[in-house]
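Input: a single structure, listed below in structure tokens.
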């Protein structure tokens, strides 16, 4: 997801907050809301909670059932790669840091955004959404030949070390050999059934929200520091991102499932559109967004405590030179 516009806005606000006389608002350690003509100083904000595993699922049986489903669906095998990407995205949000500050930031992300923490937060959320009948039907699907093949493809794609380069070659081929419309229609149905584009955006926004909320006390009221301003910013970024992200989601699906025959991909689409498939994809999507928020809130709070935003050097993300668009 392209979020360079968010970084520009955040960087400008931080710079403005350091330069202009303004009013700042934050909640102190005792829960009292404080207004001041300066941003918070060390000790003014509540300490970030320790990086601990979230509370276990309410029922031991629920935990076991969720673990089993996530293992058979292939999701569990993808968590390490997902956590690695989440750490990368987290560090893009604070921009360039001098070496000692970057060392602190990496120590924080290594503790807060480790695969085990993300998986535990995900399981807790998923356990809240269990539907035993539909879970049983979903397990039947993932145990089928098509289900096992798809889980394997998704796992290998997540773990591939040269995945970015291979995707680049795939996109380059699309420019000369556009995908058949029937194949494109299948991935469009799959995207719609699982709300893949929307969930991808919401997970990214969950990370952005965590950083923006943590930074808000250091911004003047009216420039990002007032209640409601963060959600206004998130709403604008969401609107910009949707059109930019959907086409890329389709390309990613064409790439991930390129080894599936049309009948195999059709089976996956039909599962995704079925009752059990809708339950599974909805539970995964919502749980993932909540889990990202849970782990990044603590990471962002600890980061601003260790490295105040005045020391962040934010700017637009590097952008590649324009290239001809791939044809689907």
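In my numbering, the protein residues as written are 5 to 332. All C-beta atoms in this analysis are idealised placements derived from N, C-alpha and C, irrespective of residue type, glycine included.
Between the Cα of residue i and those of the options, spot the shortest distance and give me the residue it belongs to.
i, options, result
"residue 265", "295, 139, 184", "184"
"residue 192", "46, 119, 269, 174", "269"
"residue 212", "260, 145, 239", "239"
"residue 277", "289, 287, 197, 172", "197"
"residue 205", "251, 146, 114", "251"
"residue 140", "289, 124, 311, 279", "279"
"residue 222", "124, 120, 194, 311", "311"
"residue 147", "72, 234, 186", "72"
"residue 199", "101, 225, 289, 235", "289"
"residue 174", "225, 220, 201, 262", "262"
"residue 203", "103, 249, 124, 220", "249"
Residues in its own chain within less than 6 Å of residue i by CB, not counting five upstream and five downstream?
i, result
"residue 214", "300, 301, 304"
"residue 135", "283"
"residue 80", "74"
"residue 150", "268, 271"
"residue 78", "155, 158, 159"
"residue 323", "Confidence at residue 323 is low in this model, with a pLDDT of 46, below 50, so its placement is unreliable and the value that follows should be read with caution. For residue 323, where only same-chain residues beyond five positions count, there are no Cβ hits under 6 Å."
"residue 69", "none"
"residue 187", "none"
"residue 97", "215"
Tell me, please, which residues DSSP counts as bridged to residue i.
i, result
"residue 279", "None; residue 279 has no bridge partner."
"residue 317", "99, 100"
Please state if the CB of residue j and the CB of residue i are separated by a distance shorter than 8 Å.
i, j, result
"residue 112", "residue 306", "yes"
"residue 209", "residue 241", "yes"
"residue 33", "residue 46", "no"
"residue 76", "residue 122", "no"
"residue 2", "residue 308", "In the structure displayed, the chain extends from 5 to 332; residue 2 sits before or after that span and is not available."
"residue 171", "residue 259", "yes"
Output needed for residue i: all residues of its chain with C-beta closer than 7 Å, excluding positions within five of it in sequence on either side, in chain order.
i, result
"residue 169", "none"
"residue 287", "130, 133"
Note down, in chain order, each residue of its chain lying with its Cβ closer than 8 Å to the Cβ of residue i, except the 5 sequence neighbours on either side.
i, result
"residue 117", "87, 90, 91, 94, 299, 300, 303"
"residue 138", "279, 280, 283, 284"
"residue 232", "none"
"residue 207", "292, 293, 296"
Within 7 Å: the Cβ of residue i and any heavy atom of the ligand COA?
i, result
"residue 277", "This structure simply doesn't include the ligand COA, nor any ligand for that matter."
The stretch 98-110 in contact with the stretch 249-264 per 3-pair CB rule at 8 Å: Result no; under three Cβ-Cβ pairs closer than 8 Å.
How do the stretch 122-142 and the stretch 290-297 stand: do at least 3 beta-carbon pairs fall below 8 Å, yes or no? In short, these stretches touch, since the Cβ pair count reaches three.
How do the stretch 162-172 and the stretch 79-91 stand: do at least 3 beta-carbon pairs fall below 8 Å, yes or no? These segments touch.
If contact is defined by three or more beta carbon pairs under 8 Å, each pair taking one atom from either stretch, is the stretch 146-159 in contact with the stretch 308-319? No: the two stretches stay apart, fewer than three of their Cβ pairs being nearer than 8 Å.
Decide yes or no for the touch test of the stretch 240-248 against the stretch 172-180: beta carbon pairs closer than 8 Å, at least 3 of them. Fewer than three Cβ pairs drawn from the stretch 240-248 and the stretch 172-180 lie within less than 8 Å of each other, which leaves the two stretches out of contact.
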